[in-house]
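One line per chain: the protein sequences are A and B, in this order.
Using the working numbering, the first residue of the first sequence is number 83, and each one after it goes up by one.
Using the working numbering, the first residue of the second sequence is number 80, and each one after it goes up by one.
The beta carbon of each residue, even a glycine, is placed where N, CA and C say it ideally should be.
What follows is a set of notes on a single structure, which appears directly below.
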Amino acid sequence: MNTAATPTSVLYNKLTGVWGRNVVIGIPLAFLLAFFLLPFLVVFKISVSEMDNVVFKDLIIWSDGILQLKVKLGNYIFIAQDDLYFKTYISSLKFAGITTAICLLIAYPFAYFMARSPADKRPALLMLVMLPFWTSFLLRVYAWKMLLADNGVFNNVAMQIGLISEPLKMMNTPFSLVLGMVYTYLPFMILPLYANLVKMDLRLLEAALDLGATPWQTFWRITVPLSKSGIIAGSMLVFIPCVGEFVIPELLGGPQTLMIGRVLWDEFFSNNDWPMAATVAVVMVLLIIVPLALFNKYQAESTAGGRR
Amino acid sequence: MKFNAGRVTSRVWMGAVFVFLYLPILTLIVLSFNGSPMVTSWGGWSLRWYEALSKDAEIISGAKLSVEIAFLTACGSVVLGTLAALALSRFKRFPGRTLFAGMVNSPLVMPEVIIGLSLLLMLVSVQRTFGFPDRGLMTIWFGHTLLGMAYATVVVQSRLQEMSPQLEEAAQDLGCRPWQVFFLVTLPLISQAIGSAWLLTFTLSLDDVVLSAFLSGPGSTTMPIVIFSRARLGLSPSVNTVATLTVLVVSVGVVLASLWIARAERKRAQEMSAAFRGAGA
Numbered sequence: 083m084n085t086a087a088t089p090t091s092v093l094y095n096k097l098t099g100v101w102g103r104n105v106v107i108g109i110p111l112a113f114l115l116a117f118f119l120l121p122f123l124v125v126f127k128i129s130v131s132e133m134d135n136v137v138f139k140d141l142i143i144w145s146d147g148i149l150q151l152k153v154k155l156g157n158y159i160f161i162a163q164d165d166l167y168f169k170t171y172i173s174s175l176k177f178a179g180i181t182t183a184i185c186l187l188i189a190y191p192f193a194y195f196m197a198r199s200p201a202d203k204r205p206a207l208l209m210l211v212m213l214p215f216w217t218s219f220l221l222r223v224y225a226w227k228m229l230l231a232d233n234g235v236f237n238n239v240a241m242q243i244g245l246i247s248e249p250l251k252m253m254n255t256p257f258s259l260v261l262g263m264v265y266t267y268l269p270f271m272i273l274p275l276y277a278n279l280v281k282m283d284l285r286l287l288e289a290a291l292d293l294g295a296t297p298w299q300t301f302w303r304i305t306v307p308l309s310k311s312g313i314i315a316g317s318m319l320v321f322i323p324c325v326g327e328f329v330i331p332e333l334l335g336g337p338q339t340l341m342i343g344r345v346l347w348d349e350f351f352s353n354n355d356w357p358m359a360a361t362v363a364v365v366m367v368l369l370i371i372v373p374l375a376l377f378n379k380y381q382a383e384s385t386a387g388g389r390r
Numbered sequence: 080m081k082f083n084a085g086r087v088t089s090r091v092w093m094g095a096v097f098v099f100l101y102l103p104i105l106t107l108i109v110l111s112f113n114g115s116p117m118v119t120s121w122g123g124w125s126l127r128w129y130e131a132l133s134k135d136a137e138i139i140s141g142a143k144l145s146v147e148i149a150f151l152t153a154c155g156s157v158v159l160g161t162l163a164a165l166a167l168s169r170f171k172r173f174p175g176r177t178l179f180a181g182m183v184n185s186p187l188v189m190p191e192v193i194i195g196l197s198l199l200l201m202l203v204s205v206q207r208t209f210g211f212p213d214r215g216l217m218t219i220w221f222g223h224t225l226l227g228m229a230y231a232t233v234v235v236q237s238r239l240q241e242m243s244p245q246l247e248e249a250a251q252d253l254g255c256r257p258w259q260v261f262f263l264v265t266l267p268l269i270s271q272a273i274g275s276a277w278l279l280t281f282t283l284s285l286d287d288v289v290l291s292a293f294l295s296g297p298g299s300t301t302m303p304i305v306i307f308s309r310a311r312l313g314l315s316p317s318v319n320t321v322a323t324l325t326v327l328v329v330s331v332g333v334v335l336a337s338l339w340i341a342r343a344e345r346k347r348a349q350e351m352s353a354a355f356r357g358a359g360a
């Protein structure tokens, strides 16, 4: 009875399916092309175009029957030759690297203990990790300013109990910068590690122990390799945004902590040099393109293999 | 004995991390009730900074604008994020899928100064050519929604992946059209994930400084921009009161929402197992 109706309904399903599919893919795709990809192309164009008062000249000019491509590489040459830019890029990568390493050192044991805690306690622990993440990041960074300042809470308390006689210089140093970045990005490291460790098949660990491995060997040779994807995801979630971080260096950093995010901000807002700001951004993208590809690869894998 | 040592280490480590995470927040809250004009030296309990805040026109108008933008951002991000999540989890193969996935995920990690600058430069070019859009609420919304969409996609996508495909297949076999499958089966099942994505993107937008600073125009100063400009100059007691109120609202909201979500999940799990039992019998 139904067999006669089936071909049409399948066809109908397919037709609406194709239409629906195009809508489902098309709307977010159009948004991303317009507000993510196109802006990058514009930035690239501006970084190589001549500036005429406030108007950017066109890259391609048709004159005397000849098609001319005018590309100005001056900004790139300037960045390559200027010592300060070079130092700032290196120092941004350095601080991002240090932050990532410290986050991993703190977060791995933490996520491990969390994943091995009783199952009924895990949601509460997860909630406690997430809650600071939900409360304003700006305000939490500002809070460290109050704690670390020369007349801040730590110095006041330490001086009152006689631990130190004069205030320790903690604010506007590499210490306060790294502390602020570790503090802000720690949950981004904990969450992917936890998600990975909690899924781990504990029988593998038992098997290793039964076969005579010490707990330490089991940890290094079974647990760590199995959590590799969590380690990569967490590290990229910390490292990439840290390279271009602006708010934390601005509030907690100082003269010794050169960060490229601040340079870009100043080129744009203080010097009003848009082509230079665009060039700084393009070079920054080139620096993070490999970590970014790594992150995207992990994201694609973790979501593709999600269905068991 | 060894087992105990492990437990002590784990307790101490976790305790220390939680102190690290919560100490700054507690400091903000306690010092907002400080009676002394010096932000960091204690002068007894007082509500003077709250009184000052209630007359602070700059912060109040900033807060209104921020809430407005956050609301619009959360709605936009959830719609776009759900569509993107569906596209990625239900269509395994389509032209440009890798580019699509890359563009959805990249804003999660991309430094905000890059996103802000590039979006602004593009909008300025568009504005010069077509005469709109002027910098303001709408341009900030573009930036926040781009970021919010990435977070919403991750949240909704993970829910879609946990979902058993049998439910959608069953609905399709029973004659549902694709849009019926979506509205009658898929959407109710992912509604909690959409709810948490909405809350997450709302708070993200409420908190954003960098994108807002690039994309705002004259007269569209959001609350984080006001707070940031004061925090740059030094310690400001008004910031503490704003922080305390935000923390209060957000934690109550998040705790209530997650309790509600947990309850709804339990109820759904019970219904599902009851349904499967019924089918088996």
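query = Do you know whose CA, among B:M302, B:Y230, B:A164, lies nearest V188 of chain B's CA?
reply = B:Y230
message = Going by DSSP, what residue range makes up the alpha helix (DSSP H) through D348 of chain A?
response = 342-351
request  = Have a look at A360 of chain B and I193 of chain B and give me their C-alpha separation to the nearest angstrom.
outcome  = Summary for A360 of chain B: the model assigns pLDDT 49, below 50, so the residue's position carries little reliability; its value from the coordinates is reported in the next sentence. So the alpha carbons of these two residues sit roughly 59 Å apart.
ask   = Cα separation between S212 of chain B and R222 of chain A?
value = Per the sequence shown, residue 212 of chain B should be read as Pro rather than Ser. Cα to Cα, the separation comes out at about 33 Å.
task = Output the residue ranges of the beta strand (DSSP E) runs that lie fully inside the segment 124-162 of chain B and measure 3 residues or longer, sorted by chain position.
result = none
request  = Would you mind stating whether M242 of chain B and L268 of chain B have Cβ atoms separated by less than 8 Å?
outcome  = yes
Minimum C-alpha distance to Y224 of chain A - residue among A:M263, A:Y194, A:L250, A:G108 = A:M263
message = So S197 of chain B contacts chain A; which residues on that side make the cut at Cβ distance below 7 Å?
response = P121, F122, V124, V125, A363
message = Please list the terminal residues of the continuous alpha helix (DSSP H) segment that includes I304 of chain A.
response = Counting along the chain, I304 of chain A falls outside any alpha helix (DSSP H), and DSSP gives it neither H nor E.
message = Please list, in chain order, the chain B residues whose beta carbon lies closer than 9 Å to that of K227 of chain A.
response = A310, G313, L314
inquiry  = Distance cutoff 8 Å, beta carbons only. Does Q302 of chain A sit that close to anything in chain B?
reply    = According to the sequence as given, residue 302 of chain A is Trp; it is not Gln. False, the Cβ-Cβ gap to chain B never drops below 8 Å.
task = Compare the C-beta of M201 of chain B with all C-beta atoms of chain A and state if any pair is closer than 8 Å.
result = Chain A places a beta carbon closer than 8 Å to that of M201 of chain B, counting this residue as a contact.
inquiry  = Tell me the residue span of the alpha helix (DSSP H) that contains R207 of chain B.
reply    = 191-209
query = Could you give the residue range of the alpha helix (DSSP H) that holds I246 of chain A?
reply = Run containing I246 of chain A: none; DSSP gives neither H nor E here.
ask   = Cα-Cα, which of A:N104, A:L175, A:Y194 is closest to T88 of chain B?
value = A:Y194
query = What distance in whole Å lies between the Cβ atoms of L120 of chain A and M182 of chain B, which are believed to be in contact at a cut-off of 8 Å?
reply = Not really, about 11 Å apart at Cβ, beyond 8 Å.
message = Within 8 Å, do at least three Cβ pairs link the segment 268-283 of chain A to the segment 338-350 of chain A?
response = Here the segment 338-350 of chain A does not lie against the segment 268-283 of chain A, with fewer than 3 beta-carbon pairs under 8 Å apart.
Within-8 Å CB hit, L210 of chain A to chain B = It does; some Cβ of chain B falls within 8 Å.
task = Starting from S275 of chain B, trace the alpha helix (DSSP H) both ways and give me its first and last residue.
result = 266-286
inquiry  = Taking only three categories from DSSP, how would you classify N254 of chain A?
reply    = coil
message = For the segment 287-310 of chain B, list every residue whose C-beta sits within 7 Å of some C-beta in chain A, in sequence order.
response = V288, V289, P303, I306, F307, A310
task = Could you tell me if E191 of chain B is buried or exposed, where buried requires 16 or more neighbouring beta carbons within 10 angstroms of its beta carbon?
result = buried
request  = Please name the residues in the segment 100-127 of chain B whose beta-carbon is closer than 8 Å to at least one beta-carbon of chain A, in chain order.
outcome  = L100, Y101, L102, P103, I104, T106, L107, L110, M117, V118, T119, S120
inquiry  = Give me the chain B residues within the contact set of S131 of chain A, using Cβ-Cβ distance strictly less than 8 Å, ordered along the chain.
reply    = Going along chain B, no residue has its Cβ under 8 Å from S131 of chain A, so there is no contact; the nearest lies around 11 Å.
Contact test: P116 of chain B Cβ vs the ligand SAH heavy atom, cutoff 7 Å = Ligands displayed in this structure: none; no statement on the ligand SAH is therefore possible.
query = Is the number of C-beta pairs between the segment 233-240 of chain B and the segment 161-173 of chain B that are closer than 8 Å three or more?
reply = yes
task = Measure from the C-beta of V235 of chain A to each C-beta in chain B and report whether the shortest distance is under 8 Å.
result = yes
query = At least one CB of chain A closer than 8 Å to the CB of M80 of chain B: is that the case?
reply = At M80 of chain B the pLDDT is 43, less than 50, meaning the model places this residue with poor confidence; the figure from the coordinates comes in the next sentence. No - not a single Cβ of chain A is within 8 Å of the one on M80 of chain B.
key: Whole-angstrom distance between A375 of chain A and R356 of chain B, CA atom to CA atom   = 46 Å
query = Would you report the Cα separation of W347 of chain A and N354 of chain A, rounded to the nearest angstrom?
reply = 10 Å
inquiry  = Tell me the rounded alpha-carbon separation between S120 of chain B and G234 of chain A.
reply    = Inter-residue distance for S120 of chain B and G234 of chain A is about 8 Å (C-alpha atoms, whole angstroms).
key: Residue environment, S156 of chain B, which counts as buried when at least 16 other CB atoms sit within 10 Å   = buried
ask   = Which value, in whole angstroms, describes the spacing of the CA atoms of Q338 of chain A and P256 of chain A?
value = 7 Å
query = Given N84 of chain A, which residues of its chain have a CB within under 8 Å of its CB, disregarding the five upstream and five downstream residues?
reply = In this prediction, N84 of chain A has a pLDDT of 42, which is less than 50 and means its spatial position is unreliable; nothing more can be read from the coordinates.
task = Could you say if the segment 165-180 of chain B and the segment 316-336 of chain B meet the contact criterion of at least three C-beta pairs nearer than 8 Å?
result = no
query = Can you name the residues that DSSP bridges to N238 of chain A?
reply = Paired residues: none, contrary to the question.
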